[in-house]
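As structure tokens, the structure follows; a few thoughts come after it.
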Amino acid sequence: MLRRICLIVFITSVLVNCKQDEKLTAKTIIDSTIEVSGGNKVSNSTIEFNFRDIHYTAHRNNGIFELGRTFVKENDTIVDWLTNIGFQRTVNRELIKVADSMVSRYSASVNSVHYFSVLPYGLNDAAVNKNYISEVKIKGETYHKIRITFNEDGGGEDFDDVFLYYVNKENFKVDYLAYSYAEDHGIGLRFREAYNERIIKGIRFVDYNNYKFEGEAKLEDLETLFEANKLKLLSKIELKEVAVN
4 MLRRICLIVF
14 ITSVLVNCKQ
24 DEKLTAKTII
34 DSTIEVSGGN
44 KVSNSTIEFN
54 FRDIHYTAHR
64 NNGIFELGRT
74 FVKENDTIVD
84 WLTNIGFQRT
94 VNRELIKVAD
104 SMVSRYSASV
114 NSVHYFSVLP
124 YGLNDAAVNK
134 NYISEVKIKG
144 ETYHKIRITF
154 NEDGGGEDFD
164 DVFLYYVNKE
174 NFKVDYLAYS
184 YAEDHGIGLR
194 FREAYNERII
204 KGIRFVDYNN
214 YKFEGEAKLE
224 DLETLFEANK
234 LKLLSKIELK
244 EVAVN
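For the numbering used here, add 3 to where a residue sits in the sequence shown, where the first one is 1.
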């Protein structure tokens, strides 16, 4: 009798776990990682930080955004702003005309830094496509591997970039990400390892070790190459003096 009860309990437990696993889709996983990283606070905030001697400011208010950067070049103070309306640049507080050929380049440059600064916020935008790939292990931890692509409409200048996000199965934090992007001589690949986590007013910020592989590889190979210590540290992505209001 006791054996039968134990068997019933075991089968019930397996069925419950299976049902729970079935509910874990790419969307629900991304929803969870955005929530634990403070994404609901990002959408209504002012965030400032320094990155590579440039000061960045982001004002967000329920879909209305102003993403800025300020830097000095040859004694001129340059301020760029990317908003829902478009892009503008001032030099020494005077609005200047920017050539059409440069607007998209400057806009992408401003947007990319702000985009990475608050990841995974933004992964539920309308132009984002999410697909669950598999569970993988990196450094002994289990991760949900999510593939992210973008629609051309609304996906920005680099809509054809492809990302892989590794979401920790236990705490739903993004500890690693990899991506491919177009470059002059083919496809570039990068793998990032998060470190220096800090929570500022409920929002998670991290820095990254930014790796590359010197040789031929596929995006899906990078996690294995990282485990085998075959990636080369290219740079560090560090946000300094982060402030949230």
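Even for Gly, the Cβ is constructed at its ideal location relative to N, Cα and C.
9 Å Cβ cutoff met for Glu38 and Phe175
Taking the C-beta atoms as reference points, Phe175 is found nearer than 9 Å to Glu38.
Following the continuous alpha helix (DSSP H) through Val39, name the residue where it begins and the one where it ends.
It spans Ala29 to Val39 - the alpha helix (DSSP H) in which Val39 sits, taken as one unbroken run.
Three or more C-beta pairs closer than 8 Å, one from the segment 226-239 and one from the segment 139-153: is that the case here?
Under the three-pair Cβ rule at 8 Å, the segment 226-239 counts as touching the segment 139-153.
Could you tell me whether the Cβ atoms of Phe162 and Arg150 are closer together than 9 Å?
No, they are not a contact pair.
If you draw a straight line from the C-alpha of Val82 to the C-alpha of Asn248, how long is it?
Computed Cα separation, rounded: 21 Å.
Return the CA-CA distance between Trp84 and Asn154, expressed in angstroms with no decimal places.
Spanning the two alpha carbons is a distance of roughly 24 Å.
Glu223 and Tyr251 - do their beta-carbons sit closer together than 9 Å?
The requested residue 251 does not occur in the structure, where the chain is confined to residues 4 to 248.
Hey, quick one: how far does the alpha helix (DSSP H) through Ser110 stretch, first residue to last?
Unbroken alpha helix (DSSP H) run through Ser110: Asp103 to Ser120.
Pick from Thr28, Ser40 and Asp34: whose alpha carbon is nearest that of Gly205?
Ranking the options by Cα distance to Gly205, first place goes to Ser40.
Skipping 5 residues on each side, what residues in its chain have a beta carbon closer than 6 Å to that of Ala1?
The question about residue 1 has no answer here: the residues shown for the chain are numbered 4 through 248.
Asn65 to Ile99 span [Cα, whole Å]
Rounded to whole angstroms, Asn65 to Ile99 spans 29 Å at the Cα level.
Does DSSP put Glu173 in a helix, in a strand, or in coil?
Correct three-state label for Glu173: coil.
9 Å Cβ cutoff met for Lys148 and Tyr168
Yes. Within cutoff.
Look at Tyr135 and Leu27 and say whether their C-beta atoms are less than 9 Å apart.
Yes, the Cβ-Cβ distance between Tyr135 and Leu27 is below 9 Å.
Find out if the Cβ-Cβ distance for the pair Leu261, Ile33 is shorter than 9 Å.
No answer is possible for residue 261: the residues shown for the chain start at 4 and end at 248.
Which residue marks the beginning of the beta strand (DSSP E) containing Glu223, and which one marks its end?
First-last for Glu223: undefined, no H or E at that position.
Just how far apart, CA to CA, sit Ala102 and Asp56?
Take the alpha-carbon of Ala102 and the one of Asp56: they are about 25 Å apart.
6 Å Cβ shell around Thr60 - same chain, five flanking residues per side excluded:
Same-chain partners within the cutoff: Glu51 and Gly71.
Checking the sheet assignment: what are the DSSP bridge partners for Val94?
Beta-bridge annotation (DSSP): Val94 is paired with Ile81 and Glu97.
For Leu225 and Asn132, I'd like the C-alpha separation in whole angstroms.
Cα to Cα, the separation comes out at about 21 Å.
So for Glu51, helix, strand or coil by DSSP?
The answer is strand: DSSP assigns Glu51 an E or B state.
Are the CB atoms of Ser35 and Val287 within a distance shorter than 9 Å?
In the structure displayed, the chain extends from 4 to 248; residue 287 sits before or after that span and is not available.
Please tell me whether Tyr214 and Leu236 are closer than 9 Å, where the distance is taken between their beta carbons.
One thing to note: Tyr214 has its Cβ within 9 Å of the Cβ of Leu236.
Give the secondary structure of Ile57 by DSSP, where H, G and I count as helix, E and B as strand, and everything else as coil.
Under the three-state reduction of DSSP output, Ile57 falls in the strand class.
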